[in-house]
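Engineer:
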Amino acid sequence: MPVYKAEAIVIRRVNLGEADRLVTLYARDHGKIAAVAKGARKPKSRFAGRLELFTHIRALLAVGKSLDVVSQIEVIEPFAPLRSDLTRLGYASFVAELMDRATADREPAPEIFRALRAALTFIMEGDAEMGGLWFAARILALIGYAPVVGRCAVCGRPVSGTAVYSYALGGTLCETDRPRDPLAATVSAAALKSVGFLLETRPDTLARLSLDRRLRTEVEGLLLRSLEYRLETKLKSPLVIQKLRQRDNATTR
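Quick note: the sequence shown uses numbering that gives the first Met the number 0, first residue 0, plus one each step.
#1: Considering just the uninterrupted stretch of the alpha helix (DSSP H) at residue 193, what are its terminal residues?
#2: Given a threshold of 16 other Cβ atoms within 10 Å of its Cβ, counted over all protein chains shown, does residue 13 qualify as buried or as exposed?
#3: Assuming contact is defined by CB atoms lying nearer than 8 Å, are residue 255 and residue 202 in contact in what I supplied?
#4: Taking residue 239 as the reference, which of 89, 9, 62 and 196 has the closest Cα?
#5: Taking the alpha carbon of residue 237 as the reference point, which residue from 224, 214, 23 and 22 has its own alpha carbon closest?
#6: Return helix, strand or coil for residue 242, following the three-state DSSP convention.
#7: Do residue 96 and residue 210 have their C-beta atoms closer together than 8 Å?
#8: For residue 186 versus residue 132, is the C-beta spacing smaller than 8 Å?
#9: Got a sec: does the ligand HEM put a non-hydrogen atom nearer than 7 Å to the Cβ of residue 26?
#10: Using a threshold of 8 Å, state whether the C-beta atoms of residue 48 and residue 19 are closer than that.
#11: Closest to residue 53 by C-alpha separation, out of 81, 2 and 69, would be which residue?
#12: If I measure Cβ to Cβ from residue 157 and keep anything under 6 Å in the same chain, skipping five residues before and after, which residues do I get?
#13: Per the contact definition of three or more C-beta pairs closer than 8 Å, is the stretch 122–131 in contact with the stretch 167–174?
#14: In its own chain, which residues sit with a C-beta less than 6 Å from the C-beta of residue 1, not counting the 5 before and 5 after it?
#15: With DSSP collapsed to three states, give me the class of residue 175.
#16: Quick one: grab the DSSP three-state call for residue 28.
#17: So, with DSSP's three-state summary, where would you put residue 6?
#18: Measuring straight from C-alpha to C-alpha, what distance separates residue 86 and residue 243?
#19: Which same chain residues end up closer than 8 Å to residue 182 when comparing Cβ atoms and leaving out the 5 residues on each side of it in sequence?
What follows is the structure, encoded as structure tokens:
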């Protein structure tokens, strides 16, 4: 049975049978991989604690008929704080869900892997919500659907101030092209500028962007609707994040 090495991050896992675990890995050089970790749920398994969600690993996998099989694992970064704090867990889960939805099996994309690693690091160490927003913008850009802001998505004319944003056409519209999408939503100039910053910035400069709650909500809505339109799916993790936010608001009253 042929084997290969993979540096990867665990983005999904489910129980399989009585003792096995099915994991989805996003590997730097191999893309998204579904693999079985046999006996991983047994108390004395050699995989115990090494296949937790978000863990950055170096793995040896054997090629199987339908699913590859995890043979060995070395942990590079456990990202344990992401699993011990509910808010960080929520945004890390959002990032992992986007990875699963936005990427195809076995399509290597090292830049996407680097963005995933950077997002998880920022969510663990910094403002978890801003890390989630940055990754939402970044993954849109990396899969070819970067929101067009500052100019018309149809004709390319400059657009400034409050404008309408078309999810179908992928960006802001000028007054001439506004009738092309009757469902285009009005978006503030500050939100559009913030999205533009998220598209261009790196995680190490992300702390320079300071958004109040109202603006964060507006930016989040634009990015989420763009993602759900392009991915043709309803994301589950934002609903969990919303419940966590409501809980936090209730406890601070």
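Note that the Cβ used here is the ideal one computed from N, Cα and C, for glycine as well.
Predicted model, so just to flag it, every value in this text is computed and none were measured.
Structural biologist: The answer reads as follows:
#1: Numbered from its first residue, the sequence shown carries residue 193 at position 194. Element bounds for residue 193: 188–199.
#2: Here residue 13 is taken as the residue at index 14 of the sequence shown, counted from 1. With fewer than 16 other Cβ atoms within 10 Å, it is exposed.
#3: Because the chain is modelled from 0 through 252, residue 255 falls outside the range shown and cannot be assessed.
#4: As a position in the sequence shown, residue 239 is number 240, starting the count at 1. The shortest C-alpha separation from residue 239 is found at 89.
#5: As a first step, residue 237 is located in the sequence shown; it is residue number 238 there, counting from the start. The option with the nearest alpha carbon to residue 237 is 224.
#6: Against the sequence shown, residue 242 aligns to sequence position 243. In this structure, DSSP gives residue 242 a helical state, which the three-state scheme calls helix.
#7: Sequence index remark: in the sequence shown, residue 96 carries index 97 (1-based). Sequence index remark: in the sequence shown, residue 210 carries index 211 (1-based). No.
#8: Position 187 of the sequence shown, counted from the first residue, corresponds to residue 186. Position 133 of the sequence shown, counted from the first residue, corresponds to residue 132. No, they are not a contact pair.
#9: The model on display carries no ligand, and the ligand HEM is accordingly not part of it.
#10: Working through the sequence shown from its first residue, we reach residue 48 at position 49. Working through the sequence shown from its first residue, we reach residue 19 at position 20. Cβ distance not < 8 Å, so residue 48 and residue 19 don't count as in contact.
#11: Along the sequence shown, read from residue 1 onward, the residue named residue 53 stands at position 54. Checked all of 81, 2 and 69; the closest Cα to residue 53 is 81.
#12: Your numbering for residue 157 matches position 158 in the sequence shown. The answer, listed in chain order, is 150.
#13: no
#14: Residue 1 sits at position 2 when you count from the first residue of the sequence shown. 62.
#15: Position 176 of the sequence shown, counted from the start, is the residue given in the question as residue 175. Residue state, collapsed to three classes: coil.
#16: Taking the first residue of the sequence shown as position 1, residue 28 is located at position 29. Three-state result, residue 28: coil.
#17: Here residue 6 corresponds to residue number 7 of the sequence shown, with the count starting at 1. Residue state, collapsed to three classes: strand.
#18: Position 87 of the sequence shown, counted from the first residue, corresponds to residue 86. Position 244 of the sequence shown, counted from the first residue, corresponds to residue 243. If you take the alpha carbons of residue 86 and residue 243, they lie about 7 Å apart.
#19: Mapped onto the sequence shown, residue 182 falls at position 183. So the qualifying residues of the chain are 165, 166 and 167.
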